[in-house]
Every structure is written in C-alpha cells, then in structure tokens.
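Remarks on the structure that follows.
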Amino acid sequence: MNMQETESIVGRANRDGANLLRSWFKSLDEAAHRDEKAAYVFVMGSMNEMLKAFDMHISFPEITSLQLAVRHVAHEYLQEAEDYGYSPDICGYVKSDVALQLRGGEHPMGRIPKPNMTVFTNACNTYIKWAEIWERLHKIPICTLDVPGHRQIGVHTQPGQGQFETDRAYVEVQIKELISTLEEVNGKKFDIDRFREHLAYTNQMSQSWARLLELNRSTPSVYNALTDGTIYLGVANGFRGTKAGADYFADLVEEMEYKVANGIGTTTDEKHRLTFVGVPCYPIFRRFNEIFSEWGGTFVHSTYLWFASGGTNRGYQYDLADPIRSFAEGTLLSVRDAMDSMFDQTSLLKDAIDDYDLGGVVYHPIKSCRTVSTGLADSRRQLMKDTGISSLFIESDMMDRRVVSEAQLKNRIDAFFEGLNSRKQQVALRSI
Ligand code: SF4
Numbered sequence: 000m001n002m003q004e005t006e007s008i009v010g011r012a013n014r015d016g017a018n019l020l021r022s023w024f025k026s027l028d029e030a031a032h033r034d035e036k037a038a039y040v041f042v043m044g045s046m047n048e049m050l051k052a053f054d055m056h057i058s059f060p061e062i063t064s065l066q067l068a069v070r071h072v073a074h075e076y077l078q079e080a081e082d083y084g085y086s087p088d089i090c091g092y093v094k095s096d097v098a099l100q101l102r103g104g105e106h107p108m109g110r111i112p113k114p115n116m117t118v119f120t121n122a123c124n125t126y127i128k129w130a131e132i133w134e135r136l137h138k139i140p141i142c143t144l145d146v147p148g149h150r151q152i153g154v155h156t157q158p159g160q161g162q163f164e165t166d167r168a169y170v171e172v173q174i175k176e177l178i179s180t181l182e183e184v185n186g187k188k189f190d191i192d193r194f195r196e197h198l199a200y201t202n203q204m205s206q207s208w209a210r211l212l213e214l215n216r217s218t219p220s221v222y223n224a225l226t227d228g229t230i231y232l233g234v235a236n237g238f239r240g241t242k243a244g245a246d247y248f249a250d251l252v253e254e255m256e257y258k259v260a261n262g263i264g265t266t267t268d269e270k271h272r273l274t275f276v277g278v279p280c281y282p283i284f285r286r287f288n289e290i291f292s293e294w295g296g297t298f299v300h301s302t303y304l305w306f307a308s309g310g311t312n313r314g315y316q317y318d319l320a321d322p323i324r325s326f327a328e329g330t331l332l333s334v335r336d337a338m339d340s341m342f343d344q345t346s347l348l349k350d351a352i353d354d355y356d357l358g359g360v361v362y363h364p365i366k367s368c369r370t371v372s373t374g375l376a377d378s379r380r381q382l383m384k385d386t387g388i389s390s391l392f393i394e395s396d397m398m399d400r401r402v403v404s405e406a407q408l409k410n411r412i413d414a415f416f417e418g419l420n421s422r423k424q425q426v427a428l429r430s431i
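Heads up: the sequence shown begins at 0 in numbering that gives the first Met the number 0, then just goes up one per residue.
So, in structure tokens, the structure goes:
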C-alpha cells in the first residue's frame, strides 16, 4: 500500500463533505444578507433539480434544525417555541425552526434566508402543518405534492403496471402545476434543458450512492453509517442535481473502493456489525456512537441512509429524453421507497441481515418524531420472531437534550453488548 496515496485518499470524503456543507450555509447567509429569498424544501421529495433550474436558493429546514442540536443550542430554540405556545409533543425540528423564524433566521452556521415559497410531499404529515406555519408567517405560496404510497404491505407496483402508471400520471400533473407556480414566483419561464442538466448530475450521484451502500457490505466496513453517513446525507440533499454533488460522490466511491481493496476499515476493532433504525440522537451525536464503538460495535447500515437520502439510494436514472415524465416516475419511486423504509422496514432489514452480515439491530424511537417511531416496537418483535437477531430498543430524541439521558442509554447499550458477547461465546463453544 502506498502511504502517500493512502493519506491523500482516506478521510477525504469527510473533509470535503464538511467544506461543502459550510459553503452551502455561507451561500444561504449571503442570500439572507442580500435579502434574497429561498425555497424551503424537505429531504423526502425535495424537487431540487426543478428548483435549481430556476436558480433558487434552497434551504432544508430539517438540516438547519438538526445542525442546531449538533451544535448544542437546540434546547434554547425549543424553549423559545414552547414559550411562544407550541406543545412539547410537537416534532423538535418544527419547533426549533419556528424559533429560528422568530429570530429572523439567526443560526450558528449563518443567517438563513426567509422563504419565498415551499414545496413538500406527504411523506411525513408534519411537513404539511410545518409548511402552513411558513404560509402564515411569511405569506408565501405552499405547494403540496401528494405522492401515493403502497396500498398493501409487500405489494410494490412497478413502472409499466396499471396502478403504477395511474399514480405516475397523478404525480406528473402535480409537477406541471408546480412548474407554473415556479414560473410565477420567479418571473421567468421554465428551461427544460437546464432541468435536464440537473437531472443528469442527480443520475451520477444516485449511481454513486447505490454503489456506496453496496461497498459497506465488506468486512471490515469502510464507513460508519451513522456518523460518516450523516455527512453524506447532508451533501446528497444540499447538492442534489449539481456538479459539485456528483463530483463529491464520485470521489467518495473512489475512496471507499480504495479502502475495500486495501482492507482499511472505519475502525480497527470491528466486533459487532449493526444496523440503526430511526433518526440519530443529535444532541449527543458523537458520544452516542462512541458508546457503541467502545464495545467494538459499528453501524454498517441504517434505514436513515434510505429514507433521508431523497431517494438517491435507489440509484434511479432519469430518462433525459423524457424529463418530466421520468421526474414524476423517479419521484413516485423514491418517495414511496422513503415511506416504506420508515413504516415497513422489516423486509428491508431481513435482506440487510445477510447482505451486511449483521449481528444486531438498534431501534431508536424518538419522542418528537412519531412518523418514524410509531410501530417500531411491533416491527422489532416481528423481526426478532422471524430472524432471531438480537436487538436493542432505546428511546431518546433527535433534538431535545432535556429528554436524553446519556447514563440510561449507556446502561442499556452495555447490557446489549454483554448479551451479544455471551451469545457469541455460546456459539463458539457449540462449534468446538
Ligand atoms: S419525519 Fe419526523 S422529524 Fe421529520 S418532519 Fe416528520 S415528524 Fe419531524
């Protein structure tokens, strides 16, 4: 192995990803200071390619909110929103964003511009009520994209089938309506060739993302799906449909292929390969992962890398010869897939157990996200019944440090690993 080459490649993705995210926040800050507005969108069905074709600044309030927690100030924003009248039960992303709006966009990473419109899907019902808050505060148009989910567990209609094509046509009509709204808001005509360019960059990114997921099947694993994965998700969303995003993911795949080829793991002590179900514990983001890594536990897979990647995980390729029809198809497939990985992740997990050689599943239901957390206890029971895999069920929050008890989490996590270790010992003894 060439040491110089290794030093220049390994760790590059995290460095470049952090730089890209800083540059994105800087551009939002500059837009806010120039009093330019931004479209507010969400990770599940962001419509980035369409908005970029109109040169719009784009803010993802889920990402600005989670950054408040990672930077340890979310509790101040949450308290402000609760004092304003929002219930402690509401999604923490929404409440911290409300406080951010009341503070005129003040954020530790730079000022966030006000919205001039928002577009969102029905992937989470909170999106709809959240957008209505901006509609009231900023008097902006809000565009809802109603994306039909699967009607029946295990029955996934596909392109070419009757029901799928009806659903696709339904999404396509809504996308055409969105184009009219965008033309009105921006005072310019839709340029289909620019749209094609952005779709082409997303095609490259999606291909890389699918490859990235595949690469972590290797032993040792080459990235941590929870910590490194969150950086990749930030870039996948913020830079979707851009050259910078496509180039970043090509470099990322190169780095991970290099690590696989040279047996360079994300840790030198990989004893337990795990998957993570839910949304991370951002108030103690690094520490949360450390409690697992101290036992040799590594997250090689997560459902978060599916539902929060804006559909990039499917590797879907837009047909540039028929961009609007294909955009509708890709949106339907990816939003539907995101909904499945939140509501019906058991079948995904069953496949992942073998594909990623998993030794355990960590379920992390959180107080303020019912969308992702509801039903997780039942899903866990079903998965354990069907596969016998060990699992851990720990509750905390993705924003609110007032309900995160590190000591309690550590006790539960320690007991989980003691169980995993003793199970491994018994298997080893039986094989003697
Ligand atoms: S998915 Fe959960 S965290 Fe995201 S907006 Fe919906 S309720 Fe909030």
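Cβ atoms here follow ideal geometry from the backbone N, Cα and C, with glycine treated the same way.
- Per DSSP, reduced to three states, the secondary structure at residue 2 is helical.
- For residue 341, the shortest separation between its Cβ and any heavy atom of ligand 1 lies below 8 Å.
- Taking 4 residues as the minimum length, the alpha helix (DSSP H) runs contained wholly in the region 261 to 334 are 284 to 292, 303 to 306, in order along the chain.
- Taking C-beta atoms under 8 Å as the contact rule, residue 291 and residue 412 qualify, at a distance of about 6 Å.
- Per DSSP, the continuous alpha helix (DSSP H) segment holding residue 132 begins and ends at 124 to 137.
- Distance check between residue 74 and each of 84, 59, 92, 165 places 92 closest, using alpha-carbon atoms only.
- Assignment of residue 224 by DSSP, reduced to helix, strand and coil, places it in the coil class.
- According to the DSSP assignment, residue 428 belongs to the alpha helix (DSSP H) that extends over 405 to 429.
- The C-alpha of residue 171 is placed about 7 Å away from the C-alpha of residue 323.
- Residue environment for residue 242: exposed (fewer than 16 other C-beta atoms within 10 angstroms of its C-beta).
- Spatial neighbours of residue 371 in its own chain (CB-CB distance under 6 Å, excluding positions within 5 residues in sequence) are listed in chain order as 277, 278, 341.
- Contact annotation: residue 94 and residue 397 have beta-carbon atoms that are not nearer than 9 Å.
- Short of 6 Å from the beta carbon of residue 117, and not among the five residues preceding or following it, lie these beta carbons of its own chain, in chain order: 39, 130, 133, 141.
- DSSP, read as helix, strand or coil, puts residue 205 in helix.
- With contact defined as three or more Cβ pairs closer than 8 Å, the region 228 to 248 and the region 196 to 211 are in contact.
- DSSP places residue 57 inside the beta strand (DSSP E), whose first and last residues are 56 to 58.
- In this structure, ligand 1 has no non-hydrogen atom nearer than 8 Å to the beta-carbon of residue 24.
- By the C-beta density criterion, residue 191 is exposed, having fewer than 16 other C-beta atoms within 10 angstroms.
- Around ligand 1, the residues selected by a Cβ distance under 5 Å to any of its heavy atoms are 90, 92, 123, 125, 368, 370, following chain order.
- Just so you know, the alpha carbons of residue 162 and residue 303 end up roughly 28 Å apart.
- Residue pairing for residue 363: DSSP places it in a beta bridge opposite 277.
- Within the region 72 to 130, the complete alpha helix (DSSP H) segments of 4 residues or longer fall at 73 to 83, 91 to 101, listed in chain order.
- DSSP places residue 357 in no beta strand (DSSP E); its state is neither H nor E.
- Per DSSP, reduced to three states, the secondary structure at residue 381 is helical.
- Counting C-beta pairs with one atom in each stretch, the region 261 to 275 and the region 375 to 383 have fewer than three that are closer than 8 Å, which means they do not touch.
- Bounds of the alpha helix (DSSP H) holding residue 168 are 161 to 185.
- A straight line joining the alpha-carbon of residue 60 with that of residue 87 spans about 19 Å.
- Leaving aside the five residues that flank residue 2 on each side, none in its chain has a CB nearer than 6 Å to its CB.
- Excluding five sequence positions before and after residue 176, the CB atoms of its chain that fall closer than 8 Å to its own CB belong to 142, given in chain order.
- Separation of residue 155 and residue 335 (C-alpha to C-alpha, rounded to the nearest whole angstrom) is 9 Å.
- Residue 233 and residue 284 have their alpha carbons spaced roughly 15 Å apart.
- Only residues of its own chain outside the window of five on either side were considered, and among them 214, 217, 221 have a CB closer than 7 Å to the CB of residue 259, listed in chain order.
- Note: residue 151 is bridge-paired with 154 in the DSSP secondary-structure output.
- Non-local beta-carbon contacts of residue 194 in its own chain, meaning distances under 7 Å to residues more than five positions away in sequence, involve 48, 49, 52, 322 in chain order.
- Per DSSP, the continuous beta strand (DSSP E) segment holding residue 143 begins and ends at 141 to 144.
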